[in-house]
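Visitor: One structure, as structure tokens, below. Some questions next.
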Amino acid sequence: MTSPLTHTGGCQCGAVRFRMEGQPKDVSVCHCRMCQKAFGAYYAPLVAVGEAQVTFTRGAPKRFASSNFVKRGFCGDCGTPLSYEAPDGLSLAAGAFDDPSQLPPTIQFGVECKLAFVDAISTLPERATLDDLQDAPFLTEVVSYQHPDRDTEQWPEAKS
Ligand SMILES: [Zn+2]
Ligand SMILES: [Zn+2]
Numbered sequence: 001m002t003s004p005l006t007h008t009g010g011c012q013c014g015a016v017r018f019r020m021e022g023q024p025k026d027v028s029v030c031h032c033r034m035c036q037k038a039f040g041a042y043y044a045p046l047v048a049v050g051e052a053q054v055t056f057t058r059g060a061p062k063r064f065a066s067s068n069f070v071k072r073g074f075c076g077d078c079g080t081p082l083s084y085e086a087p088d089g090l091s092l093a094a095g096a097f098d099d100p101s102q103l104p105p106t107i108q109f110g111v112e113c114k115l116a117f118v119d120a121i122s123t124l125p126e127r128a129t130l131d132d133l134q135d136a137p138f139l140t141e142v143v144s145y146q147h148p149d150r151d152t153e154q155w156p157e158a159k160s
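So for the sequence shown, UniProt numbering puts the first residue at 1; every next one is plus one.
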């Protein structure tokens, strides 16, 4: 059904879903200021689609033209950043894929804007989510409204 070269993904609320078939050109993180802002993050993880085929299987991103050349796609319902569309091709937000571990980055772009502390993040103290129960007791009762990491026939799924 799905080959190892098929990768699915979508936004947090499930209104937009996509499928990429084929080998992408590359997977990167971009440190440029525009990517920082568009993702609300220190850098943007991006899968450059290249010759692979992308189909939006549910909904479609809204787009913001961040420059005269580039449009950035995001879910109009939940705001998840989804795409970067430039004259040299389409990229999809790597973290929006259902299994980002299958698409590890191999190159960094925009390094002139890299925030000085980024390389030290892996040296920071580490805590697991449930290590913080004392400060955030609600964590044991969280009910996720996030779309699951797989395609669904309908969403929200019918209650049985
Ligand atoms: Zn959404
Ligand atoms: Zn960038």
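Think of the CB as a built atom: it goes at the ideal place given N, C-alpha and C, for glycine as much as any other residue.
Small disclaimer: the values here were computed from a predicted structure and weren't measured.
In the structure shown, what three-state DSSP assignment does C30 receive?
Guide: strand
Visitor: Is it true that the CB of G73 sits closer than 8 Å to the CB of E85?
Guide: For E85 and G73, yes; Cβs fall inside 8 Å.
Visitor: Nearer than 7 Å: is that true of the beta carbon of C11 relative to any heavy atom of ligand 2?
Guide: no
Visitor: Determine whether the beta carbon atoms of S83 and A48 lie at a separation below 8 Å.
Guide: Cβ distance not < 8 Å, so S83 and A48 don't count as in contact.
Visitor: From C78 to D132, what distance separates their C-alpha atoms?
Guide: 26 Å
Visitor: If you check the beta carbons only, do P61 and V16 fall under 8 Å apart?
Guide: Yes, these two residues count as a Cβ contact at 8 Å.
Visitor: Pull every residue with its beta-carbon under 5 Å away from any heavy atom of ligand 2, and keep them in chain order.
Guide: C30, C32, C35 and G110
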